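Single-structure report; data block below.
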Amino acid sequence: LNRWLDEAGVEETSLMNFAVTDGQSVVCTRYITSCDMEGASLYYSSGSEFRSDADSGQYRMIKANKREDVVVVASEPLTYERSDWMVIPTNTLLVITPKLNVHLYPIHDKYWNPHRQRAGAR
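Residue numbers (this note's numbering): 64 to 185.
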């Protein structure tokens with residue numbers, strides 16, 4: 064991707080959050096063509112169930128056991144429970160496996176900045 068941008072002479076910063084799936088696994092990215100700027104926000108939450116509270120009507124991620132049955136990826140947290148959500152660091156791939164395991168992989172390219180990665184984690 065960066066080679067194509069360089070060959071085309073693109074100098075503007077590009078923000079690229081996207082998700083792709085093969086029906087079994089999901090790959091999401093939070094990416095920006097910059098070493099010092101943050102990419103557009105991206106979060107994930109995982110647990111046993113994502114449901115509405117009967118009393119308040121507010122949604123939240125239920126963690127009834129250690130098994131992950133639900134993974135939600137969103138540009139902003141969908142609930143007010145900050146502990147439900149983990150930020151995906153800038154220039155990182157998130158992979159959700161068929162067994163709903165979540166893996167984060169930093170994208171080591173010319174925009175990789177390990178100091179930014181640690182600063183972006185919550």
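Glycine included, each C-beta is placed from N, C-alpha and C at the ideal position. Owing to the predicted nature of the structure, the values given are computational and were not obtained by experimental measurement.
Residue i versus the options, residue with shortest Cα-Cα distance
i           : options               : result
residue 153 : 145, 167 and 117      : 167
residue 155 : 177, 122 and 144      : 177
residue 163 : 147, 151, 129 and 145 : 129
residue 175 : 96, 117, 78 and 140   : 96
residue 76  : 93, 100, 70 and 142   : 100
residue 93  : 122, 151 and 173      : 151
residue 106 : 115, 179, 141 and 120 : 141
For residue i, the first and last residue of its enclosing alpha helix (DSSP H)
i          : result
residue 70 : 65 to 71
Start-to-end residues for the beta strand (DSSP E) that takes in residue i
i           : result
residue 84  : 81 to 84
residue 103 : It is not in any beta strand (DSSP E) - residue 103 carries neither H nor E in the DSSP assignment.
Which of helix, strand or coil DSSP assigns to residue i
i           : result
residue 12  : Residue 12 is absent from the structure shown; the chain starts at 64 and stops at 185.
residue 146 : helix
residue 177 : helix
*Evaluate contact between the segment 146 to 162 and the segment 83 to 90, counting only Cβ atoms and requiring at least three cross-stretch pairs below 8 angstroms.*
yes
*Segment contact flag, the segment 68 to 82 with the segment 119 to 127, C-beta cutoff 8 angstroms, min 3 pairs*: no
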